[in-house]
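J.: Sharing a structure below in structure tokens format, with a few things to ask.
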Amino acid sequence: MKNLRKIALAIALALVVTPMLNAQKIKGSDTVLPLSQKEAEAYGKKGGKVTVTGGGSGVGIAALIDGTTDIAQASRKMKFSERQKLQSAGKQAKEVVIAMDALAVVVNPNNKVSQLTRQQLEDIFTGKITNWKQVGGEDLKIVVYSRESSSGTYEFFKEHVMKNKNYMSSVLSMPATGAIIQSIKQTKGAIGYVGLAYLNKEVKAIKVSYDGKNFVAPTLEASKNGTYPIVRPLLYYYDIRKSKAVTPFLNFVLSKEGQKIVSNVGYIPVK
Amino acid sequence: MKKMFRGKKYFIEALWEGLLKISGSVTSIIIILIVLFLFSEGMGLFKKNVIEEGYVIAVNKNNPIKDLTPQQIKDVFDVKIETWKELGADVSGNQIVVLRLDDIPNYFPEEEIAEDMSNLPQIISQILDDNPGMIAFVPKDFTQTNFTGKILDLGNINFKDFFGGKEWFPTAQPAHQFGVIPIVMGTLWVSLGAILIALPFGLAVAIYSAELASKAVHKVLKPIIELLAGIPSVVYGFFGLVVIVPLIQKTFNLDVGETGLAGSIVLAIMALPTIITIAEDALRSTPRAMKEASLALGANKWQTIVKVTIPYSISGITAGVVLGIGRAIGETMAVLMVTGNAAVIPHTLLEPVRTIPATIAAELGEAPKGGAHYEALFVLGCILFVITLLINLTVEYISYRNKNKVA
């Protein structure tokens with residue numbers, strides 16, 4: 050009886066572990082996460098197996114350098130220092146653009162302000178503008194929410210909207226996009242940024258202008274035709290030596306069916 | 150035959166004793182090794198250069214500037230310091246011009262930059278020569294051959310910048326800002342607030358449950374409290390974010406509810422079950438004979454509790470308090486969700502704060518292994534270890550004095 054139990058346990062363990070051994074691992078950006086999960090589900094129906102985890106773009110790329118993941122999903126380009134570390138680890142990364150994403154700037158639904166220029170956004174996030182009345186709103190202190198520094202969204206916003214200036218120290222760093230939406234929903238003077246796929250009715254998206262004249266709202270059409278300025282590529286990075294193993298999944302993602310999933314999730318297809 | 154049988158039993162007992170001794174010493178050795186690993190990784194930070202690895206800061210060869218602090222570098226590249234005079238250098242033109250890799254096309258047409266970037270060293274040299282007021286942040290590889298600019302040697306991260314710095318920007322370029330004062334202050338404020346809330350409540354409930362509650366009440370209360378101890382910390386964090394944070398915002402009329410107070414309340418709720426369960430068990434273990442002797446001598450119920458029961462079980466209560474405090478200081482997930490994580494020195498509990506466990510949890514995954522950021526997080530871990538150790542030693546010392554007073 051005792052032996053039978055041991056054998057049953059071993060078989061159960063083997064059944065659980067074996068699929069995991071052949072599964073492709075994707076790790077990284079929380080922005081790409083919902084997309085990767087849907088793609089993995091659809092790919093799973095065709096017989097493959099892909100496991101997806103989040104943690105932030107920085108986490109994914111660090112895992113790629115360590116060799117603990119097959120594909121790193123990122124919502125920002127790999128930094129020069131990360132590329133150097135990858136080289137010294139003996140790996141060479143290949144970059145694939147799988148979708149485009151628009152970054153929406155959101156405020157509390159009760160906020161009267163509906164449009165801001167890039168310069169105003171930079172001044173708000175670096176701390177030069179501190180009250181909503183300075184940008185045409187009520188006399189209310191601006192409460193700035195951001196992602197943690199491991200997030201690709203954080204880096205992209207810093208590079209493109211703040212032109213590489215650092216955030217102010219008193220920015221509130223939330224661990225996930227969901228927490229940002231929750232906090233902005235319940236704080237009157239709040240402002241933050243989220244990926245387009247996370248936008249919902251609980252927060253209000255603001256129209257943005259880079260030239261001071263054309264203010265564009267973050268919609269799918271505006272991001273596709275290039276009129277909305279805050280758009281970034283969503284990337285998969287993988288080690289060139291593993292390309293044979295990951296190519297089937299990548300081809301699926303870039304196929305018509307994979308790109309249709311991209312649209313359904315709320316991102317912009319590349320093809 | 151009998152002698153051999155006795156020998157076998159003795160042998161098995163000796164075997165068990167040996168195994169327990171070995172496991173005890175192995176555990177202690179492992180703990181010591183973990184602590185040593187923590188400190189050795191952390192100390193590697195002070196051998197790292199101030200500038201991000203693989204990059205250098207270069208200026209025009211006639212620029213007299215010798216040294217810059219990390220704070221100054223950050224302010225220069227954030228365009229908060231705009232003239233060379235503010236840095237104490239006399240440079241023609243006086244205006245500081247910042248150059249990053251992406252800015253090169255502004256000075257050189259993109260067609261002239263080679264595909265494999267092989268002529269970048271000459272390009273950067275030329276841009277620096279043409280602009281005496283320029284400061285450039287470029288990869289080291291592009292300054293190795295035929296470079297005519299002056300590379301600044303800014304030294305390693307030192308204790309003063311780390312333990313005395315007031316800004317925590319671990320991913321700032323070109324120089325990482327590793328000032329831990331805001332984070333340490335945040336940890337201390339939140340932990341002390343949590344202890345101040347949890348201790349009185351916890352001890353009061355423990356005394357009530359052990360001494361004063363009726364059997365029926367006790368039957369219901371104890372399982373509920375033990376259930377609270379089993380709830381995962383993320384759930385507490387979510388509860389804090391959705392319920393406690395707006396409540397604080399409304400009650401105190403604040404701009405934002407994510408404050409150190411929210412963190413303290415959530416931590417106190419999490420530490421309470423631990424303190425209550427262990428303290429109550431300790432109080433219950435007071436022998437009936439002692440309590441009845443005190444009552445027989447004419448003391449009333451309260452005097453018995455204060456002068457006899459509590460001093461008798463002080464070591465158990467201390468153990469509960471130490472474990473509760475440890476949970477309060479080290480709790481990561483819940484605090485990460487409700488305190489706002491802003492690395493600013495707090496002046497009241499009603500401001501967003503950033504604690505050490507939250508910082509380590511949020512940033513360790515991203516930090517490249519062996520890099521400056523990684524090691525800075527280990528030093529933060531060392532600081533947390535020292536804080537917890539000091540508080541535990543204080544609590545043990547207080548209980549030791551009380552025990553001796555009773556005796």
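Taken in order, these protein sequences are the chains called A and B.
Those letters in the first sequence? Residues 50 to 320, per my numbering, in order.
Those letters in the second sequence? Residues 150 to 556, per my numbering, in order.
Note that CB positions come from ideal geometry on N, CA and C, so glycine has one too.
Please list the partners that aspartate 115 of chain A has in chain B, where partner means a Cβ-to-Cβ separation under 9 Å.
T.: Lys518
J.: Return the bridge partner residues of methionine 100 of chain A from the DSSP annotation.
T.: Inspection of the sequence shows that residue 100 of chain A is occupied by threonine rather than by methionine. Partner(s): A:Lys74.
J.: Excluding the 5 residues preceding and the 5 following leucine 194 of chain B in the sequence, name in chain order all residues of the same chain whose CB lies nearer than 8 Å to its CB.
T.: Cβ within range, chain order: Ile306, Phe311, Phe327, Ala521, Glu524, Ala525, Phe527 and Val528.
J.: Around the C-beta of valine 392 of chain B, are 16 or more other C-beta atoms found within 10 angstroms, so that it is buried, or is it exposed?
T.: exposed
J.: Go to arginine 433 of chain B, then tell me how far its alpha helix (DSSP H) extends in each direction, as first and last residue.
T.: 409-433
J.: Is it buried or exposed, glutamine 231 of chain A, if we count other Cβ atoms within 10 angstroms and call 16 or more buried?
T.: Label assigned to glutamine 231 of chain A: buried.
J.: Entirely within the stretch 422-508 of chain B and at least 4 residues each: give me those alpha helix (DSSP H) ranges in chain order.
T.: 437-445, 450-453, 463-479 and 482-487
J.: With a threshold of 16 other CB atoms inside 10 Å of the CB of phenylalanine 186 of chain B, please say whether the residue is buried or exposed.
T.: exposed
J.: Measure the alpha-carbon distance for lysine 223 of chain B versus asparagine 263 of chain A and round it to whole angstroms.
T.: 33 Å
J.: Please list the partners that lysine 223 of chain B has in chain A, where partner means a Cβ-to-Cβ separation under 9 Å.
T.: Near lysine 223 of chain B (Cβ distances below 9 Å), the residues of chain A are Asn215.
J.: Counting only Cβ pairs nearer than 7 Å, list the residues of chain A close to proline 270 of chain B.
T.: By Cβ distance, chain A contributes nothing, its closest Cβ being about 16 Å from proline 270 of chain B, past 7 Å.
J.: Provide the residue span of the alpha helix (DSSP H) that contains glutamate 204 of chain A, from first to last.
T.: 201-205
J.: If you reduce the DSSP assignment to three classes, tell me which class isoleucine 255 of chain A lands in.
T.: coil
J.: Just to confirm the assignment, what range does the alpha helix (DSSP H) spanning tyrosine 396 of chain B have?
T.: The residue asked about is misnamed: residue 396 of chain B is leucine in this sequence, not tyrosine. Segment 394-401, the alpha helix (DSSP H) holding leucine 396 of chain B.
J.: By Cβ distance, which residues of its chain are closer than 8 Å to alanine 72 of chain A, with the 5 residues on each side in sequence left out?
T.: Lys98, Val99 and Thr100
J.: Using a Cβ cut-off of 7 Å, pull out every chain B residue sitting near alanine 228 of chain A, in sequence order please.
T.: Leu390 and Met486
J.: The alpha helix (DSSP H) that contains lysine 169 of chain A, what's its start and end?
T.: Note on residue identity: the sequence assigns glutamine, not lysine, to residue 169 of chain A. Residues 167-175.
J.: With a 10 Å radius around its C-beta and 16 neighbouring C-beta atoms as the bar for buried, classify proline 224 of chain A as buried or exposed.
T.: buried
J.: Please give the ranges of any alpha helix (DSSP H) in the stretch 213-289 of chain B, keeping only runs that are unbroken, at least 4 residues long and fully inside the region.
T.: 219-226 and 269-279
J.: Please decide whether glycine 238 of chain A counts as near chain B, where near means a Cβ-Cβ distance under 7 Å.
T.: yes
J.: I'd like to know if leucine 84 of chain A contacts chain B, where contact means its C-beta is closer than 7 Å to some C-beta of that chain.
T.: no
J.: For phenylalanine 206 of chain A, go through chain B and note every residue whose CB falls closer than 8 Å to its CB, in chain order.
T.: None at all; the shortest Cβ gap to chain B is about 13 Å.
J.: Does the CB of glycine 104 of chain A have a neighbour CB from chain B at under 7 Å?
T.: yes
J.: So, is tyrosine 159 of chain B buried or exposed, given that buried needs 16 or more other C-beta atoms within 10 angstroms?
T.: exposed
J.: Buried or exposed for tyrosine 549 of chain B, please, with buried defined as at least 16 other CB atoms from any protein chain shown within 10 angstroms of its CB.
T.: Residue burial is scored here from C-beta neighbours: tyrosine 549 of chain B has fewer than 16 other C-beta atoms within 10 angstroms and is therefore classed as exposed.
J.: Who are the neighbours of glycine 203 of chain B on chain A, taking C-beta pairs under 8 Å?
T.: Listed along chain A are Phe129, Ser130 and Gln133, each with a C-beta nearer than 8 Å to that of glycine 203 of chain B.
J.: Quick check on this structure: which residue in B:Asp279, B:Met283, B:Ser443 and B:Ser274 has the alpha carbon closest to the alpha carbon of threonine 297 of chain B?
T.: B:Ser274
J.: Quick one: measure Cβ to Cβ for isoleucine 229 of chain A and tyrosine 286 of chain A, integer angstroms, because I've assumed they're closer than 8 Å.
T.: Incorrect: roughly 25 Å between the Cβ atoms, too far for contact.
J.: Along chain B, in chain order, which residues have C-beta atoms closer than 9 Å to that of glycine 107 of chain A?
T.: Taking a Cβ-Cβ cut-off of 9 Å, the neighbours of glycine 107 of chain A in chain B comprise Thr320, Glu512, Gly514, Glu515, Ala516 and Pro517, given in sequence order.
J.: Do serine 258 of chain A and threonine 175 of chain A count as a contact pair if the criterion is CB distance below 7 Å?
T.: With respect to the 7 Å criterion, threonine 175 of chain A and serine 258 of chain A are not classified as neighbours on the basis of their beta carbons.
J.: Leaving out five residues before and five after threonine 117 of chain A in sequence, what residues of the same chain have Cβ atoms less than 8 Å from its Cβ?
T.: In its chain, beyond the 5 residues on either side, Lys74 and Lys76 have a beta carbon closer than 8 Å to the beta carbon of threonine 117 of chain A.
J.: Mind listing the chain A neighbours of alanine 492 of chain B? Cutoff is C-beta to C-beta under 7 Å, in chain order.
T.: Ser218
J.: Check for me: the alpha helix (DSSP H) holding serine 272 of chain A runs from which residue to which?
T.: 269-273
J.: Just to check my reading of the structure: methionine 419 of chain B and glutamate 500 of chain B have Cβ atoms closer than 8 Å, yes? What is that Cβ distance to the nearest angstrom?
T.: Not a contact, Cβ separation roughly 22 Å.
J.: Of all the CB atoms in chain A, is at least one closer than 7 Å to the CB of valine 415 of chain B?
T.: no
J.: For glutamine 452 of chain B, does the count of other Cβ atoms within 10 angstroms reach 16, so buried, or fall short, so exposed?
T.: Glutamine 452 of chain B is classed as exposed because its beta carbon has fewer than 16 other beta carbons within 10 Å across all chains shown.
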